[in-house]
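A quick write-up on the structure given underneath.
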Amino acid sequence: MLSPDEFREKYPAEDLEAELPDSPIGSLRDLQYLYGKLYTLATTGGGEYAPYLTPDAAGDLIDTDNSLIVVRIDVSGDKPQLAADLDPVLVTRYTDDLVQQVGHCKYAAAAGIDHSVTHQAGRNSDPEKLARYAKERLTKWAVDEVVTEAADNHSDGWIIERLAEVGEDESALETIEERITQKLGGESATSLLTVQVKTESDGGYQWPGDLDVFNEAMRQRKLSKLVTKNKANDSSGDATDLVTGLPARTVGTSEDPQNYFLGKQLEKFPGLDIEEAWRSHPISEDAAITVMNAETFVEACTYRTFGAKVYYLPYVFGRLAADKVHRLYELLYQAVEEEETTPIENAYKRERDKTIEEQDFRFYVSAVMPHQMSRYDVFGETLNGRLHYPKQLAITHNQFVETVSAFDRDHYTDWTAPLPTNQNWGLLETNDEQLHAVSTGWYFRQTFAERDDDEADADDPRIEALVSVLSGQPIAVDVLLEEYVSRIIDDEGDDEEYEGFPSFLVASQFAQLCVLADEDLNLLQTADPSKDQITQQPSYDTSIMPSLDEIPIADGGHPAAPKLESFIDETPALSPGHDDDPDSMTSQRRGAFLLGALVGDIGSYQEYSEDRSTTLVDQYPVKSITRSRIKKVTQETIAKTLTYTRQEKKQQGNYPGTKADHIVDRLRDTILNPDPEDWEIETDDLRFYYALGVTYGMNDHPWNRDETDANESTTEENL
Amino acid sequence: MSQQSLDGWTADEGSDQPDHCLSFTVRGPWGHFRRIEGNIVKQTYRIIPRTTVAGLLAAVLGIERDGYYDLFAPDTSAVAIEPVRKIRTVNMPMNTLSTAAGNLQSLNGRGKISVKLPDPTTLRQQHNYEVLVNPAYRIDVALADDQWYTELRETLSAGESHYVPSLGLSEYLADIEYHGEFDIEDGPRNDTIEVDSAVPNAVDDIVLDPGTRCQIEESPAFMQADSGGRTTTGFTNYAYSPDAESLEVSNASAASVDGRTVVFV
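In the order they appear, the protein sequences are chains A and B. Numbers 671 to 1389, taken from the working numbering, label the letters of the first sequence in order. Numbers 335 to 599, taken from the working numbering, label the letters of the second sequence in order.
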């Protein structure tokens, strides 16, 4: 395949544009057509038969031992025969310079012979099998109905007829078998099988790619499959080609590199007729062949995630101007060469400095579940994936966790930040891999409920979230909360095996929620007014020196109090300031958060100061929190707080006020009115903000203790 | 079906635009307009294809299958389509039975009326359908054929329909709200204009800005009948806003209908 520079040189702007359709890309077929065109130009060139060849099909065999088996036939004399002047069977290496000469055209069906006389055997075929395939060049391919018809209409058709004649000679066939078995020494091989033909008594043996009649027969065989497959006899007619929009002979049973369209199907509509498929999917012969050639590029732009196969196909938005198409070729070439990165990342590296108007690339994105060859489901799809969204999401996320006070430890001098950070957690620290995470779906795999990835579900929210982000469509808050909570509950473990509170997970989820709510990205939405505040972007301070008011004064009370105050005020989902709407759920959510914070705070006190192995955090796991239980949990937690206050007073004599009074006072205010029995907050909403509170509370302590805390937790989380 | 010439249809000589149209909104809880790229997969167009609009109106008028393509041909009709609700889709798995000839059973084979049904005892296969949720489109339509145009106006204004209107599949029933008959006036002639409808064949003229989302799709626009059935004769490449907002377009020749800016195709 030509390198991008070679491609640019061989196909300057004018030449390239002459090869491309005038209309912009508006459908998957348009896109595949463009890929197929570029692929043909870059591999077999622009010749008459170029689009019909499949140079990549046997690409793995290049320069391997015994990868090419050639039967030599001499048709120059009166009677065609196996080569007598040279070894009649050549076993050699398939090399780069033979690619054009063998003119291989693969037919992808099992047990079918390839379109070209050159045929690809299965992996590690034994000598007997290879011998059989070699003989079939004469006994099967040369007498194929389509091939003989093509031969009849070609001035050199006699060459193919002569091949068939040799195929009738039993002793010649035996010789072929003996020679192959002997030359392979009983070893299996992965090989291409072909013929060389001597047509002039004073000439040499020619490769099929050099003889027009072989090419023509190959072309006819490939074209025949566009109209006869499965039960179709001749699915063709005159209609408007869906790629070029021009009238053409259209064909009904061509292959689609993504298998979205096949001849047979199970359906709701009775009477669909495969013979008439050229009407419902009108594609011209030329376009069908070109689309089939898209396969290499299409496959290079896929990967598996969430049990599905994800297609990521970059394309040029708008008119197919040569400079854009050249850049697209670079991207596709890179995708073929580099398997590690996604085309989105490659495009980003190339296009990062461009403004949105200048970014010409869009992406066709789909998540596909290929159940069987003929049973595909698409779970999420867009032709409008834009570089802007994944890139911006990655950047915004990194900036968010780096700069905002909620996650930034440098912002607080003596006391911890509201939420814990940990460099082993991809969503809690600036991360060079963030774009990769976003574009592969890992971004959501880290926070959403885990599923069995062997077989993806049509409604896997991770796939939906991935496709949404790639196409800039908002994700529903309800889905996020449901996924978050179910992941938290899973990670906490069940009753028998409680695994500890996943505070880094909750912090990661919260960071993600805040970033998706970013005003410019606008990737969060809800149809439920009670969750409106969650979709609003938080207004946390960014890293600046604390103002004079924020610096705790010696007698100014507890440093934890202003921190809690500002965190709540700056988080719209919790803030009383965002509470104008009488139906607002923020006070109930705040109640859940504060209760969690108290449970986390006391739990952490129990663990460190009391050396208790089971704490309040374990006692009230997230799944135990419901609207009906919240009152009881609150009462018991506050009771516990009072116990510890009394205990400390006894020991130290001078404890100032109630323990954790900055939380308790607020909690009392919030949880009384309305009474939790009248709360209407949804369970997932309640539980997530309770979990956030627990995370906050567990992390709410002076700096010096945090060091050990973070380290220990790190080990725990990573076990 | 009588056919009027284009001259009687347009207001002034030389104009390629009809002078009045009917305007209605079609909406429903669900919609599915199968994309032609897939029969194994069932993805939907976001913008109701022009051929589907023609079929829908033929259903309203009671014209048989394969009987209405000339009525909606390029030189005798004009249709503008505006999505009026945010475009949203969901995946809806459905269980299907094979309708291949070998899997169909005849019911009442000897009687006068015979029905062929899939064998209900065979195993279903589940397939995922991409389905539009609450689709709604404002449609402006002009027809050169006066007789059918008048009949369409009367049927729509009476709130009637010959066949039950639906959005793509028969089970996705449609509700049609008729707004009335409006003059088609020349649209704004500025360098860039705000177009309310989906914009046909103008991808390169869309002014992209970060605040507005713009998507494109290509769907069948025109059909013709032939001896064996029907074929598509033209496709349209629509640019549209999935948020049902207007798009900024340069060089567009738009029309003005009922105070809205639309582009007919």
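Glycine is no exception: its CB is placed at the ideal position from the N, C-alpha and C atoms.
Residue i to residue j, Cα distance in whole Å?
i: D726(A); j: K810(A); result: 24 Å
i: A781(A); j: Q790(A); result: 11 Å
i: L1218(A); j: D1339(A); result: Bear in mind that a pLDDT of 49 at L1218(A), under 50, signals an unreliable position, so the model cannot answer this.
i: Q1258(A); j: L1356(A); result: 8 Å
i: S1178(A); j: L1098(A); result: 6 Å
i: D1225(A); j: D1345(A); result: For D1225(A), the predicted model reports a pLDDT of 49, less than 50, meaning its position is unreliable; a value from the coordinates is still stated below. So the two alpha carbons sit approximately 35 Å from each other.
i: V583(B); j: V1185(A); result: 32 Å
i: P352(B); j: R399(B); result: 26 Å
i: I1390(A); j: D509(B); result: The structure shown does not extend to residue 1390(A), since chain A is modelled only from 671 to 1389, so the question has no answer here.
i: E969(A); j: V1147(A); result: 34 Å
i: D1250(A); j: P1199(A); result: 12 Å
i: Y719(A); j: D700(A); result: 21 Å
i: T565(B); j: I944(A); result: 15 Å
i: N1388(A); j: D1102(A); result: Below a pLDDT of 50, predicted positions are generally treated as unreliable, and N1388(A), at 38, falls in that range; the measurement from the model is reported next regardless. Rounded to the nearest angstrom, the two C-alpha atoms are 20 Å apart.
i: N902(A); j: E925(A); result: According to the sequence displayed, residue 902(A) carries Ala and not Asn. C-alpha separation (whole angstroms): 14 Å.
i: R594(B); j: D530(B); result: 6 Å
i: F967(A); j: L731(A); result: 19 Å
i: R1316(A); j: T1196(A); result: 46 Å
i: R891(A); j: D539(B); result: 43 Å
Assuming residue i is part of the beta strand (DSSP E), what are its boundary residues?
i: S1236(A); result: Counting along the chain, S1236(A) falls outside any beta strand (DSSP E), though it belongs to the alpha helix (DSSP H) covering A1230 to E1240.
i: D993(A); result: Unbroken run through D993(A) is the alpha helix (DSSP H), A992 to E1007; no beta strand (DSSP E).
i: F1049(A); result: R1045 to R1056
i: D726(A); result: Careful: D726(A) lies outside any beta strand (DSSP E) and carries neither H nor E.
i: R419(B); result: Per DSSP, R419(B) belongs to no beta strand (DSSP E) and is neither H nor E.
i: D603(B); result: Outside the displayed span of chain B (335 to 599) sits residue 603(B), for which this structure offers no information.
i: F569(B); result: G563 to Y574
CB-CB under 8 Å to residue i, same chain, minus the five flanking residues each way: which ones, in chain order?
i: G915(A); result: S693
i: L542(B); result: C548
i: Q1062(A); result: D1190 and L1191
i: Y1307(A); result: Residue identity differs from the one stated: residue 1307(A) is Thr in this sequence, not Tyr. The answer, listed in chain order, is L1265, L1268, V1269, I1272, L1286 and Y1290.
Could you spell out where the alpha helix (DSSP H) holding residue i opens and where it closes?
i: H354(B); result: Premise fails: H354(B) lies in the beta strand (DSSP E), H354 to R361, not in any alpha helix (DSSP H).
i: T818(A); result: E815 to D822
i: M557(B); result: It is not in any alpha helix (DSSP H) - M557(B) instead sits in the beta strand (DSSP E) that spans Q549 to D560.
i: M962(A); result: E955 to M962
i: F1358(A); result: T1353 to M1368
i: S950(A); result: A947 to S950
Which of helix, strand or coil does DSSP assign to residue i?
i: D538(B); result: helix
i: L1337(A); result: helix
i: D685(A); result: helix
i: V787(A); result: coil
i: P984(A); result: strand
i: I381(B); result: coil
i: E1166(A); result: coil
i: H1041(A); result: strand
i: F1174(A); result: helix
i: P917(A); result: strand
i: H496(B); result: coil
i: R1032(A); result: strand
i: V745(A); result: coil
Compute the beta-carbon to beta-carbon distance between residue i and residue j, rounded to the nearest angstrom, for a pair I have assumed lies under 8 Å.
i: T1066(A); j: L1191(A); result: 6 Å
i: I830(A); j: T869(A); result: The Cβ separation is near 12 Å, so there is no contact.
i: R919(A); j: S906(A); result: 6 Å
i: Y764(A); j: S795(A); result: Between S795(A) and Y764(A) the Cβ distance is about 15 Å, and since that is not below 8 Å, they are no contact.
i: Y1046(A); j: V375(B); result: 5 Å
i: L912(A); j: F569(B); result: 6 Å
i: A712(A); j: F677(A); result: 6 Å
i: N1068(A); j: T1100(A); result: 4 Å
Short of 7 Å in beta carbon distance, which residues of its chain neighbour residue i, apart from the five on each side in sequence? Order them along the chain.
i: A1231(A); result: H1332
i: E955(A); result: L893, L896, R919 and V921
i: P452(B); result: L431, S432, T433, N437 and L438
i: G396(B); result: H496 and Y497
Excluding sequence positions up to five away, which residues of its chain have a Cβ less than 6 Å from the Cβ of residue i?
i: G365(B); result: L466, P469, L501, G502 and Y506
i: T818(A); result: none
i: N1369(A); result: T1086 and P1090
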